[in-house]
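If you read the sequence shown in the working numbering, its first letter stands for residue 18, the second for the next number, and so on.
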Amino acid sequence: RRLSFATPFWHPEAMDQSCLGAEADLPQWKYSLLLRDDTRALLENYYSREHLDRIFARLTIPPTTTIRAQTLRISAGDLLDLLGLEHAHLDSLFPDEVIQIPIQGPLHRSYIRNGRSLPKVWLERVCGEAVLRGAHAFAPGVQGAELSLRKEHQVAVFIDVGGTMTRGATKSEELETVFIGNGVAEMDRDQLFGPRQHRRGLAIRMTERVFESPALQGVHPDLMFLQ
């Protein structure tokens, strides 16, 4: 299903096929930005189509994670060693202060296990964007879940991109959703939406993401700042 927005958002064009096929036979995912026709036409008045395509291709990837060292307490180089993160490196322009961590992806992920789909969970957009940046999903950000959801189940995680899902929904037919990874449920469905619901705490612990990014919130807050 193709999505259309006034503002750009990445969309896996081959997502339906990749998730319904065999796990060992996933096609190449292709991501593209889809704009309203009038928005694209306006931009093409100022830029060539080839130039816009290059810009849009880059915008399909979440931005690099940037860290600034608290240089009164630690150098960027020592902080880099302390974090020990794969792919992290000192910034070429500000190596004394800044560390860059490129996002890894898109990665091939499937929510099919033994020929069947994992139970599906849908996140509201802000929560989903945080997951793309390395966070886990917390209860306030869960918008819907299939009836079969139970604690400790493996689940497939989607973003309700259009923001039209009714809270507590059990399916997403005809809605604009995008698969962003798999995780393990830390709550039953009725804890999220039922009579004993409590909208606090960790709901989904992410184990696989389409885009991998380290979760750094609260990590060495006295030594670094997330930018």
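The beta carbon of each residue, even a glycine, is placed where N, CA and C say it ideally should be. In this text the structure is predicted, and so the values were computed from the model without any measurement.
A residue is called buried when at least 16 other Cβ atoms come within 10 angstroms of its Cβ; S127 meets this threshold and is buried. In terms of Cβ geometry, V201 and I176 do not form a close pair [threshold 7 angstroms]. In the same chain as R167, and ignoring 5 residues on each side of it, the C-beta atoms closer than 6 angstroms to its own belong to D205, in chain order. The DSSP-derived three-state label of E225 is strand.
Counting only unbroken stretches of 3 or more residues, the beta strand (DSSP E) elements lying wholly within the stretch 92-160 are 115-118, 137-140, in sequence order. Bridge pairing for Q171: V201 [DSSP].
Taking a contact to require three or more Cβ pairs closer than 8 angstroms, the stretch 151-166 and the stretch 132-143 qualify as touching. Note that the stretch 59-71 does not touch the stretch 89-101; fewer than 3 beta-carbon pairs, one per stretch, sit closer than 8 angstroms. At a Cβ-Cβ threshold of 7 angstroms, V115 and R71 do not count as neighbours.
Only residues of its own chain outside the window of five on either side were considered, and among them E163, L164 have a CB closer than 6 angstroms to the CB of T187, listed in chain order. In the three-state reduction of the DSSP assignment, A232 falls in the coil class, being assigned neither a helical nor a strand state. In the structure shown, the three-state DSSP call for I78 is coil.
Taking all protein chains in view, the Cβ of L59 is surrounded by fewer than 16 other Cβ atoms within 10 Å, so the residue is classified as exposed. In the DSSP assignment, L59 falls within the alpha helix (DSSP H) that extends over 54-61. Assigned with DSSP and collapsed to three states, R66 falls in helix. Residue nearest to S134 within the set I91, H170, I78 is H170 (criterion: CA-CA distance).
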